[in-house]
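If you're matching positions, the first sequence starts at 205 in this note's numbering and goes up one per residue.
These notes are about the structure you will find just below.
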Amino acid sequence: MKIEMPNKYSANETEAKWVEIWNKKKLYKFKKNSDDSTFSIDTPPPYASADHLHVGHGMHYSQFEFIARYQRMKGKNVFFPMGYDDNGLPTERFVETKYKIDKSKTTRKDFIKLCLEETKKTGKTYYDLFNSLGFSIDWDLVYQTIGPTARRVAQKSFLDLYKKGRLERVDLPSMWCTTCQTNLAQADLDNLEFESKFNDIAFTAKGRELIISTTRPELIPACVALSYNPTDKRYIDLKGEFAQVPLFNYEVPIITDESVDPEVGTGLMMVCTFGDKEDIEKWHKYNLPLRIVFSEAGEMNKYAGEFEGLTLKKARTAILEKLRETGALKSQKEITHAVNVHERCQTEIEFLKKPQWQIKVLDKKEELIEAGRKVNWYPEHMRTRYEHWINNLNWNWSISRQRYYGVPFPVWYCEDCESVILGDETKFPIDPREEKYEGKCECGSSKIVPEMDVMDTWMISSNTPEINANWSSDDELKDFLPMSLRPQAHDIIRTWAFYTIVKSYYSHGDIPWKDIMISGHGQDSHGHKMSKSKGNFVVAQEVIEKYGSDSFRLWSATSKLGEDLKYREEDIKSAQKTVTKLWNASKFCYMHLEDYDHAGKNYDPDKLELMDRWLLLKLNKVINNSTDGFDVYEFSKAKKEVENFFWSTFCDNYLEIVKDRLYNPDSRGEISRLSGQYTLHTVLLDVLKIFAPIAPFITEELHSHYFSEDGKSIHISDWPEADIGFENEEIEIAGDKFVEILGNVRRFKSESGKSLKEEVNIVLIKEDFELISKCMDDFKAATKAKGVVVGEEFSVSF
RNA sequence: GAGCCCGUGGUCUAGUGGUAUGACGUUUCCCUGACUUGGAAGAGGUCGCAGGUUCGAUCCCUGCCGGGCUCACCA
205 MKIEMPNKYS ANETEAKWVE IWNKKKLYKF KKNSDDSTFS IDTPPPYASA DHLHVGHGMH
265 YSQFEFIARY QRMKGKNVFF PMGYDDNGLP TERFVETKYK IDKSKTTRKD FIKLCLEETK
325 KTGKTYYDLF NSLGFSIDWD LVYQTIGPTA RRVAQKSFLD LYKKGRLERV DLPSMWCTTC
385 QTNLAQADLD NLEFESKFND IAFTAKGREL IISTTRPELI PACVALSYNP TDKRYIDLKG
445 EFAQVPLFNY EVPIITDESV DPEVGTGLMM VCTFGDKEDI EKWHKYNLPL RIVFSEAGEM
505 NKYAGEFEGL TLKKARTAIL EKLRETGALK SQKEITHAVN VHERCQTEIE FLKKPQWQIK
565 VLDKKEELIE AGRKVNWYPE HMRTRYEHWI NNLNWNWSIS RQRYYGVPFP VWYCEDCESV
625 ILGDETKFPI DPREEKYEGK CECGSSKIVP EMDVMDTWMI SSNTPEINAN WSSDDELKDF
685 LPMSLRPQAH DIIRTWAFYT IVKSYYSHGD IPWKDIMISG HGQDSHGHKM SKSKGNFVVA
745 QEVIEKYGSD SFRLWSATSK LGEDLKYREE DIKSAQKTVT KLWNASKFCY MHLEDYDHAG
805 KNYDPDKLEL MDRWLLLKLN KVINNSTDGF DVYEFSKAKK EVENFFWSTF CDNYLEIVKD
865 RLYNPDSRGE ISRLSGQYTL HTVLLDVLKI FAPIAPFITE ELHSHYFSED GKSIHISDWP
925 EADIGFENEE IEIAGDKFVE ILGNVRRFKS ESGKSLKEEV NIVLIKEDFE LISKCMDDFK
985 AATKAKGVVV GEEFSVSF
């Protein structure tokens, strides 16, 4: 068999070819009615909100793509879908920023239309990247979180949780973003350090000045009480009195509360509706009046008097100015303090009172932590973040968003008796905002109004296992849940992982997946987060075009699971060398395997040369170690294992040793050559297979030139298994000694400035000589020894 | 303030109860019949600091310092 291969490997050309072939053959299709055990992956649906994708995106997705390919070769029926998270606030914000749109100044229809268009574009960007990286996704398993299946599942989930009493509609103060003009959940918050001022402001009571310290003077018109610690002697005479609010001229009660720290500020604080969670608690506890001083868009209202119409920020300046004029501003202190902001727009969080749906989680903290403990976390320590988050939760999960582009609630309300009217499950997905409710309320009223809010995007994406399973449809996959694996990055443990476990626990009393693998982030070469504004954004497609997908993937496999990975171009170059080396080493092997009957068993493994047996037993270790690595998602360990073996043991040592036998069957004997051919064949095939999950293109290309039977892909071939018949300590010791002495001989030649071809005389100590004598011909050939004799100590001479 | 992770030659990194892996860079040599995107070799580390456990610690424990992440407080 003549093997024709070009001298140089062209990555881009070859990779494009295989993508087309794989897609055409539907090589990665999930077999729906198969007896093979399933390995299902709850793929992260990326937000459809990016023009370009950076190397970190490619890295993250590559890391579990390795696992998909490994499991497939292990014989699993792999369920590897793709989703696009294209509904909700992330998309809306993206569209708003890109087209400079204000939600309040556009129509709902126009806005949704634009979101859908944008969604399509970014979906294509992701598809292109994943395809060019050769992802073994079953492209028939694609969903969108705004698509009909996801909408149906989300509405079903709503109904299910409502019936189970886990959902309630509350009308309480909750976190509000004045930029996005929507209600938020705790998980939507970030913390930012801001420069601010601590202002000492004088109220008056009983003819005396009462100084409070505040960072929020614009909330003075929202003040509903002053409060001090009941043990604080300075204010003890004020109990039951009223204080005069500066500028706004009304009176508020002076109350006591244990939560006030006498050491902070003046020990006297103002209670506003609402500045923070403390205010809400006091408002509730003492039944204080409600004075909401700003609109949904963050503009001051009539309570603010002359400041009406100003934004909160401008009102702060104006009110401070006025306080200064009137002498009520006593002093100011510069401070830096951390403030909760909305993670998508960095706007400071406010509190508004609005009816909203929320999923109760605070009363089930222990159970949710327990559920998380049933999932295997890789790496294990990431579980701590999950538990930490739950322990620190202060709010139930608010799922109402006063937005346009999202999944509608399947709910109407009766205007007369205010009862909740649920939509018909058999008709899901429905849109009450567009469909008139046919029928009457149980109270007899026909004044039925729809819920106009949409669901939080996490309300949908927390059901990705159910979306994949096609939950509550005629085509629902049986015995599909829990899924095998959830891969995701660590920044969304508190959202995606947490919410998915919540949903699964409430709906099925079970975990959503058996394993969760948490990957790190791609960073720039200094370890900083990539962002366009910082100018350290490396576009994934550009790197792929320059170095090839396999190189990119090999680079992605260098980071340990869960660790962030710095992008340095030299690391990709280094990965590219491995691809080239695979090409050249395989080319060499094939050249010497042309006359080898690779389909038939034409050599008896029991008659193998010592160094061949040595290599095969080393291969076994590599197979075992890399298999162990892949089994626990440590792809970097697997890669390192096979790469070291391939580069050092196989190429640098074994190939140089076996060359003489391959080239000179006349002097070395046809049998010894055949032994080498058997070994080359066995080892190269397994090396290609172990590399295959990480570098699918070069391995497929090389496999197709020689090993492939009837064009069968390496990616659906069997994962290698160690042949324990080769385990033999004596042979290992002898082979290791061989390599050690070979190194010494090479050092001698190198330090003498001579070529490695230079002939030498070698003296070995007796023990070594006995070991080496079992493979003396290979030894002489590899060292170019004219003579090898026994002596007192080891020496080499020309 | 708390929790988690990390701190290994110039840079990046692996790893383990017995002083250390690989890559990049650097120096010298070799165009070895697959590969110069190659090969051989050299220099370069008291494995953050201080204690402790141990026959012995880079690896275990405690404290500290430094970095990252996460969370909290935020009158």
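Virtual Cβ for every residue (Gly too), placed ideally from N, Cα, C.
From a predicted model like this one, the values you see are computed outputs, not experimental measurements.
{"Item": "Every unbroken alpha helix (DSSP H) inside the stretch 922–976 [4 residues or more]", "Value": "933–955 and 970–976"}
{"Item": "As assigned by DSSP and simplified to three states, the class of residue 645", "Value": "coil"}
{"Item": "Residue 821 and residue 671 closer than 8 Å at C-beta", "Value": "no"}
{"Item": "Cβ-Cβ separation, residue 415 to residue 452 (assumed contact under 8 Å), whole Å", "Value": "So it is not a contact: roughly 17 Å between Cβ atoms."}
{"Item": "Residue 633 versus residue 362: straight-line alpha-carbon distance, rounded", "Value": "12 Å"}
{"Item": "Straight-line gap, residue 523 to residue 509 (C-alpha atoms, nearest Å)", "Value": "11 Å"}
{"Item": "Where the beta strand (DSSP E) through residue 381 begins and ends", "Value": "371–381"}
{"Item": "Helix, strand or coil at residue 289 according to DSSP, with G and I counted as helix", "Value": "strand"}
{"Item": "Opening and closing residue of the alpha helix (DSSP H) in which residue 327 lies", "Value": "312–336"}
{"Item": "N-terminal and C-terminal residue of the alpha helix (DSSP H) that residue 869 is part of", "Value": "869–872"}
{"Item": "Beta-bridge pairing of residue 404 - partner residues as DSSP gives them", "Value": "417 and 535"}
{"Item": "Chain-order list of residues whose beta-carbon lies under 7 Å from that of residue 962 (same chain, five-residue window excluded)", "Value": "953, 988 and 1002"}
{"Item": "Residue 823: first and last residue of the uninterrupted alpha helix (DSSP H) it sits in", "Value": "814–835"}
{"Item": "The ligand SAH heavy atom lying under 7 Å from the CB of residue 962", "Value": "The ligand SAH is absent from the structure shown, which contains no ligands of any kind."}
{"Item": "Neighbour-count burial assignment, residue 800, 16 or more Cβ in a 10 Å radius", "Value": "buried"}
{"Item": "Contact under 8 Å by Cβ, residue 928 with residue 843", "Value": "no"}
{"Item": "Burial state of residue 563, where buried means 16 or more other Cβ atoms lie within 10 Å", "Value": "buried"}
{"Item": "Meets three-Cβ-pair contact criterion under 8 Å: the stretch 685–705 and the stretch 245–252", "Value": "yes"}
{"Item": "Nearest-angstrom beta carbon gap, residue 319 and residue 546 [assumed within contact, 8 Å]", "Value": "The pair is not a contact, with the Cβ atoms about 19 Å apart (cut-off 8 Å)."}
{"Item": "For residue 448, the residue or residues it bridges with in DSSP", "Value": "408 and 455"}
{"Item": "Exposure label - residue 398; buried when at least 16 CB within 10 Å", "Value": "exposed"}
{"Item": "Nearest-angstrom beta carbon gap, residue 983 and residue 942 [assumed within contact, 8 Å]", "Value": "6 Å"}
{"Item": "Three-way DSSP call (helix, strand, coil) for residue 737 in this model", "Value": "coil"}
{"Item": "Paired residues, beta bridge with residue 545 - DSSP", "Value": "394 and 552"}
{"Item": "Residues of its chain near residue 432, where Cβ-Cβ distance is below 7 Å and the 5 sequence neighbours each way are ignored", "Value": "439, 460, 464, 471 and 472"}
{"Item": "For residue 436 and residue 408, the rounded distance between their alpha carbons", "Value": "18 Å"}
{"Item": "Residues that residue 244 bridges to, as DSSP identifies them", "Value": "283"}
{"Item": "Cβ neighbour criterion (16 or more within 10 Å) applied to residue 146", "Value": "No answer is possible for residue 146: the residues shown for the chain start at 205 and end at 1002."}
{"Item": "Neighbour-count burial assignment, residue 653, 16 or more Cβ in a 10 Å radius", "Value": "exposed"}
{"Item": "Given residue 769 as reference, the closest of 257, 267 and 224 once Cα atoms are compared", "Value": "267"}
{"Item": "Three CB pairs or more closer than 8 Å across the stretch 735–749 and the stretch 708–724", "Value": "no"}
{"Item": "Same chain, Cβ closer than 8 Å to residue 446, neighbours up to 5 away in sequence not counted", "Value": "409, 455, 456, 457 and 458"}
{"Item": "Paired residues, beta bridge with residue 251 - DSSP", "Value": "289"}
{"Item": "Start-end ranges of the alpha helix (DSSP H) lying completely within the stretch 692–769, minimum 4 residues", "Value": "702–712, 744–751 and 753–760"}
{"Item": "Same chain, Cβ closer than 6 Å to residue 553, five either side skipped, listed in chain order", "Value": "379 and 544"}
{"Item": "C-alpha gap between residue 478 and residue 673, whole angstroms", "Value": "43 Å"}
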